[in-house]
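Asker:
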Amino acid sequence: MEMNTGGMRQRSSREQTRGEEETQLLNGEDEHLENVIAHSQWKRHLEVMKVNVLEQVHNQLSDLLDKTLEEAAHSIPWHLRVAPAKKQSREKDQLLKKKVFVPQQSLYDTLMEVEDFCPIRHIFVAMLCIFVLKQIIGDSIDEGRYDPEERAGGGGRAIL
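Every letter in the sequence shown is one number past the one before it in full-length UniProt numbering, and letter 92, counting from 1, is 92.
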(Lines of atoms letter the chains of each structure in order from A; the text may use other names.)
(Lines give C-alpha, C1' and ligand atoms only; values in the text may rest on other atoms or scores of the structure.)
Protein backbone atom coordinates (compact mmCIF):
# COMPACT_ATOMS: atom_id res chain seq x y z
CA MET A 1 0.00 0.00 0.00
CA GLU A 2 2.86 2.24 0.42
CA MET A 3 3.34 2.29 -3.26
CA ASN A 4 -0.23 3.13 -3.66
CA THR A 5 0.07 6.15 -1.43
CA GLY A 6 3.20 7.27 -3.27
CA GLY A 7 1.46 6.87 -6.61
CA MET A 8 -1.54 8.74 -5.35
CA ARG A 9 0.62 11.55 -4.13
CA GLN A 10 2.20 11.79 -7.55
CA ARG A 11 -1.21 11.78 -9.15
CA SER A 12 -2.55 14.46 -6.85
CA SER A 13 0.54 16.60 -7.41
CA ARG A 14 0.16 16.13 -11.18
CA GLU A 15 -3.50 17.02 -10.98
CA GLN A 16 -2.62 20.03 -8.84
CA THR A 17 0.01 21.12 -11.38
CA ARG A 18 -2.49 20.64 -14.20
CA GLY A 19 -5.07 22.65 -12.28
CA GLU A 20 -2.58 25.44 -11.74
CA GLU A 21 -1.67 25.40 -15.43
CA GLU A 22 -5.33 25.49 -16.41
CA THR A 23 -5.91 28.37 -13.98
CA GLN A 24 -2.97 30.24 -15.48
CA LEU A 25 -4.29 29.55 -18.97
CA LEU A 26 -7.74 30.73 -17.95
CA ASN A 27 -6.23 33.85 -16.37
CA GLY A 28 -4.23 34.46 -19.55
CA GLU A 29 -7.33 33.93 -21.67
CA ASP A 30 -9.27 36.28 -19.40
CA GLU A 31 -6.60 38.95 -19.81
CA HIS A 32 -6.62 38.41 -23.56
CA LEU A 33 -10.41 38.57 -23.61
CA GLU A 34 -10.31 41.81 -21.59
CA ASN A 35 -7.77 43.22 -24.05
CA VAL A 36 -9.98 42.27 -27.01
CA ILE A 37 -13.03 43.85 -25.36
CA ALA A 38 -11.09 47.01 -24.49
CA HIS A 39 -9.78 47.17 -28.06
CA SER A 40 -13.27 46.81 -29.57
CA GLN A 41 -14.62 49.46 -27.18
CA TRP A 42 -11.77 51.78 -28.20
CA LYS A 43 -12.57 51.17 -31.90
CA ARG A 44 -16.25 51.99 -31.30
CA HIS A 45 -15.24 55.15 -29.44
CA LEU A 46 -12.96 56.17 -32.33
CA GLU A 47 -15.72 55.52 -34.87
CA VAL A 48 -18.12 57.74 -32.89
CA MET A 49 -15.47 60.48 -32.66
CA LYS A 50 -14.78 60.14 -36.40
CA VAL A 51 -18.47 60.63 -37.20
CA ASN A 52 -18.65 63.66 -34.87
CA VAL A 53 -15.53 65.26 -36.35
CA LEU A 54 -16.71 64.68 -39.92
CA GLU A 55 -20.09 66.18 -39.07
CA GLN A 56 -18.47 69.25 -37.49
CA VAL A 57 -16.14 69.71 -40.47
CA HIS A 58 -19.05 69.33 -42.87
CA ASN A 59 -21.11 71.91 -40.98
CA GLN A 60 -18.22 74.39 -40.78
CA LEU A 61 -17.37 74.02 -44.46
CA SER A 62 -21.02 74.37 -45.39
CA ASP A 63 -21.33 77.56 -43.32
CA LEU A 64 -18.11 78.94 -44.81
CA LEU A 65 -19.26 78.19 -48.35
CA ASP A 66 -22.66 79.79 -47.69
CA LYS A 67 -20.99 82.96 -46.36
CA THR A 68 -18.61 83.09 -49.32
CA LEU A 69 -21.40 82.65 -51.84
CA GLU A 70 -23.46 85.32 -50.10
CA GLU A 71 -20.54 87.77 -50.13
CA ALA A 72 -19.88 86.99 -53.78
CA ALA A 73 -23.53 87.56 -54.63
CA HIS A 74 -23.46 90.95 -52.91
CA SER A 75 -20.26 91.99 -54.66
CA ILE A 76 -21.64 91.41 -58.19
CA PRO A 77 -22.72 94.70 -59.84
CA TRP A 78 -26.47 94.96 -60.14
CA HIS A 79 -26.45 95.04 -63.95
CA LEU A 80 -24.65 91.67 -64.09
CA ARG A 81 -26.99 89.86 -61.73
CA VAL A 82 -29.17 87.22 -63.31
CA ALA A 83 -32.81 87.01 -62.33
CA PRO A 84 -35.03 83.97 -62.92
CA ALA A 85 -36.65 83.80 -66.39
CA LYS A 86 -40.19 84.64 -65.23
CA LYS A 87 -38.93 87.56 -63.20
CA GLN A 88 -36.87 88.79 -66.15
CA SER A 89 -39.85 88.69 -68.49
CA ARG A 90 -41.98 90.62 -66.00
CA GLU A 91 -39.22 93.17 -65.51
CA LYS A 92 -38.77 93.46 -69.26
CA ASP A 93 -42.49 94.10 -69.71
CA GLN A 94 -42.40 96.76 -67.00
CA LEU A 95 -39.37 98.43 -68.56
CA LEU A 96 -41.07 98.49 -71.95
CA LYS A 97 -44.11 100.15 -70.40
CA LYS A 98 -42.18 102.63 -68.32
CA LYS A 99 -38.56 103.49 -68.97
CA VAL A 100 -36.56 104.49 -65.95
CA PHE A 101 -33.25 106.27 -66.01
CA VAL A 102 -30.75 104.52 -63.76
CA PRO A 103 -27.51 106.41 -63.23
CA GLN A 104 -24.45 104.24 -63.46
CA GLN A 105 -20.77 104.77 -63.84
CA SER A 106 -19.23 104.58 -67.27
CA LEU A 107 -16.19 102.46 -68.01
CA TYR A 108 -14.07 105.60 -68.07
CA ASP A 109 -15.30 106.63 -64.60
CA THR A 110 -14.53 103.16 -63.29
CA LEU A 111 -11.04 103.26 -64.77
CA MET A 112 -10.41 106.73 -63.33
CA GLU A 113 -10.99 105.31 -59.84
CA VAL A 114 -8.04 102.98 -60.35
CA GLU A 115 -4.91 104.82 -59.25
CA ASP A 116 -2.67 103.22 -61.88
CA PHE A 117 -4.87 104.26 -64.80
CA CYS A 118 -4.33 108.05 -64.56
CA PRO A 119 -0.57 107.90 -65.25
CA ILE A 120 -1.22 105.55 -68.19
CA ARG A 121 -3.78 108.00 -69.59
CA HIS A 122 -1.28 110.86 -69.21
CA ILE A 123 1.35 108.82 -71.08
CA PHE A 124 -1.04 108.24 -74.01
CA VAL A 125 -1.99 111.94 -74.13
CA ALA A 126 1.71 112.87 -74.10
CA MET A 127 2.41 110.36 -76.91
CA LEU A 128 -0.44 111.85 -78.98
CA CYS A 129 0.96 115.37 -78.46
CA ILE A 130 4.45 114.20 -79.44
CA PHE A 131 3.10 112.52 -82.59
CA VAL A 132 1.18 115.66 -83.64
CA LEU A 133 4.20 117.90 -82.93
CA LYS A 134 6.47 115.52 -84.88
CA GLN A 135 4.18 115.77 -87.91
CA ILE A 136 3.96 119.56 -87.71
CA ILE A 137 7.71 120.01 -87.23
CA GLY A 138 8.56 117.45 -89.96
CA ASP A 139 6.27 119.16 -92.47
CA SER A 140 7.54 122.62 -91.64
CA ILE A 141 11.18 121.51 -92.02
CA ASP A 142 10.60 119.55 -95.27
CA GLU A 143 8.28 122.00 -97.04
CA GLY A 144 8.71 125.17 -95.04
CA ARG A 145 5.02 125.20 -94.13
CA TYR A 146 2.31 123.01 -92.56
CA ASP A 147 -0.70 122.14 -94.68
CA PRO A 148 -3.27 120.02 -92.78
CA GLU A 149 -5.41 119.52 -95.95
CA GLU A 150 -2.52 117.83 -97.70
CA ARG A 151 -2.21 115.28 -94.88
CA ALA A 152 -5.93 114.60 -94.99
CA GLY A 153 -5.72 113.77 -98.69
CA GLY A 154 -7.55 116.85 -99.96
CA GLY A 155 -5.99 118.60 -103.00
CA GLY A 156 -2.42 117.55 -102.37
CA ARG A 157 0.18 116.90 -105.03
CA ALA A 158 1.27 113.44 -105.97
CA ILE A 159 4.63 112.36 -104.69
CA LEU A 160 6.84 110.54 -107.20
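For glycine and all other residues, C-beta sits at the position ideal for the given N, C-alpha and C. Just so we're clear, the structure is a prediction, and the values are computed from it rather than from any experiment.
Rounded to a whole number of angstroms, what is the C-alpha to C-alpha distance between MET127 and PRO103?
Answerer: Their Cα atoms are separated by approximately 33 Å.
Asker: Tell me which same chain residues have a C-beta within less than 6 Å of the C-beta of ARG18, skipping the five on either side of it?
Answerer: If we look at ARG18 and ignore the five residues flanking it on each side, it has no Cβ neighbours.
Asker: Taking the alpha-carbon positions, what's the GLU91 to VAL51 distance?
Answerer: Going by the C-alpha atoms only, they are around 48 Å apart.
Asker: Going by C-alpha distance, which of ARG121, LYS98 and PHE101 is nearest ASP109?
Answerer: Minimum Cα distance to ASP109 is reached at ARG121.
Asker: Pull up the distance between the alpha-carbon of MET1 and that of GLU20, whole angstroms please.
Answerer: Reliability fails at MET1, whose pLDDT of 48 lies under 50, so the model's placement of it is uncertain and the value that follows must be treated cautiously. Their backbone Cα atoms lie some 28 Å apart in a straight line.
Asker: According to DSSP, is SER89 helix, strand or coil?
Answerer: Helix, per DSSP.
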